[in-house]
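Engineer:
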Amino acid sequence: DYLAPISERAAALVKARVRNHIELKRHRDRLEELVQERTWELSMTQEAAMESLGTLAECRDPETGGHIQRTRNYVRMIAAALARSAKHADTLNDTEVFNLHRSAPLHDIGKVGIPDSILLKPGKLTPEEFELMKTHTLLGAKAIAAAEKRLGANSFLRHAHEIALSHHEKWDGSGYPNGLAGEDIPLAGRIMAVADVYDALISHRVYKASMPHSRAVAIIQEGSGTAFDPEIVAVFLELAEEFRAVALENADYDEERETLKQ
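The opening position of the sequence shown corresponds to residue 1 in this note's numbering, with each subsequent residue numbered one higher.
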């Protein structure tokens with residue numbers, strides 16, 4: 001009889017502690033869910049903001065509506081393939097591939113600062129006009145750098161800044177704006193260069209017809225070691241049919257769909 005109250009009190013204490021641990025576990029699980037939800041929402045907000053800004057730049061040229069969707073998918077495909085190689089396995093993790101994919105729409109954001117008389121000119125640009133057109137890389141990088149400064153150098157905008165500034169650099173150093181060569185060009189810019197040129201070749205423009213897929217692939221291959229990083233060209237060639245599929249799915253014109261079949 002003397003031990004009964006003690007046993008009851010001990011049992012009650014154990015039950016109370018179990019309940020507390022269960023409630024604490026539920027609370028921690030809920031906090032973890034909330035953190036995951038907020039992280040996902042923030043990521044989607046960032047991606048939506050970059051796509052919206054990229055679309056704003058493309059609105060200056062109404063003939064390239066599918067350009068953003070096509071190029072961002074090309075970039076993802078190349079980056080994912082590179083990530084499977086021993087050379088890039090340590091640096092191109094899933095997060096980096098995702099950040100490259102969502103940064104790609106900002107590659108031409110600087111075009112908002114180019115006059116319509118140049119940006120929408122139906123004919124060939126004069127040397128002076130082309131020099132001004134080339135400044136879109138600097139304008140885009142400057143705009144992104146202003147936001148990057150507030151978020152820190154390691155923010156999600158790092159790749160966007162690299163892409164905007166360096167996607168017209170060439171492997172042999174003959175590109176712009178800084179004449180970088182080889183691996184001095186950021187990997188993000190080297191990937192975007194191949195994606196952007198392929199898309200420009202197969203797309204209809206007011207000043208040119210769309211090019212057959214086979215010819216566009218040949219031009220990229222011919223540019224290996226001069227315009228483009230040979231490693232990235234090799235990956236592109238392996239993915240050429242997947243590029244064609246993305247281009248067909250997001251084509252802007254029937255003309256493009258027909259030439260993509262060639």
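Cβ atoms here follow ideal geometry from the backbone N, Cα and C, with glycine treated the same way.
(1) What separation, rounded to the nearest whole angstrom, lies between the Cα atoms of A142 and F156?
(2) Based on the DSSP output, what are the partners of S174 in its beta bridges?
(3) Between E258, R76, N93, which has its C-alpha nearest R239's C-alpha?
(4) Identify which residue in D252, T259, R257, E231 has its Cα closest to the Cα of A79.
(5) Please classify D199 as buried or exposed, where buried requires at least 16 neighbouring CB atoms within 10 angstroms.
(6) Less than 7 Å between C-beta atoms, sequence neighbours within five positions excluded: which residues of the same chain meet that for H167?
(7) For Y207 versus P122, is the C-beta distance shorter than 8 Å?
(8) What is the rounded straight-line gap between the Cα of H161 and the Cα of R215?
(9) Here's the rule I'm using: 16 or more other beta-carbon atoms within 10 Å means buried, otherwise exposed. How should T137 be labelled?
(10) Straight-line CA distance for D94 to R84?
(11) Hey, does F236 have any beta-carbon neighbour from chain B nearer than 8 Å?
(12) Figure out for me which residue from R244, A251, I220, L119 has the closest Cα to the Cα of A234.
(13) With distance defined between alpha-carbon atoms, name the residue in D172, S203, K124, L82 nearest to V286.
(14) Exposed or buried, F243, counting other C-beta atoms within 10 Å across all chains shown (16 or more means buried)?
(15) Does the beta-carbon distance from I109 to G66 come in below 8 Å?
(16) Under a Cβ-count criterion, where at least 16 other Cβ atoms within 10 Å of its own Cβ denotes burial, should L180 be classed as buried or exposed?
(17) Apply the 10 Å Cβ neighbour rule to S117 and answer buried if 16 or more other Cβ atoms are within range, or exposed otherwise.
(18) Could you tell me which whole alpha helix (DSSP H) segments of length 4 or greater appear in the region 73 to 138?
(19) DSSP state of A261, grouped into three classes?
(20) Using DSSP's beta-bridge definition, name the partner residues of S224.
(21) Count the other CB atoms within 10 Å of the CB of G225; is the residue buried (16 or more) or exposed (fewer)?
(22) Could you check the C-alpha separation between T91 and L187 for me, to the nearest Å?
(23) Here's the rule: buried if 16 or more other CB atoms are within 10 angstroms of the residue's CB, otherwise exposed. What is G223?
(24) Between A245 and R17, what straight-line distance do the alpha-carbon atoms span, to the nearest angstrom?
(25) What residue from A147, R158, N73, D229 has the CA that sits closest to K170's CA?
Structural biologist: Result, derived from the coordinates:
(1) The amino acid at residue 142 is misidentified as Ala; the sequence shows Lys. Roughly 16 Å between the two C-alpha positions.
(2) Answer is none; S174 lacks a bridge partner.
(3) In the sequence under discussion, the amino acid at residue 239 is Leu, which differs from the Arg named in the question. The shortest Cα separation from L239 among E258, R76, N93 belongs to R76.
(4) E231
(5) buried
(6) H107, G189, M192, A193, D196
(7) yes
(8) 31 Å
(9) buried
(10) 11 Å
(11) Protein chain content of the structure displayed is limited to a single chain, and chain B is not contained in it.
(12) I220
(13) The shown model of the chain, from 1 to 262, leaves out residue 286, and the question about it has no answer.
(14) buried
(15) no
(16) buried
(17) exposed
(18) 94 to 103, 116 to 119, 127 to 134
(19) The identity of residue 261 in the sequence shown is Lys, whereas the question assumes Ala. In this structure, K261 counts as coil in the three-state DSSP scheme.
(20) F228
(21) exposed
(22) 11 Å
(23) buried
(24) 60 Å
(25) D229
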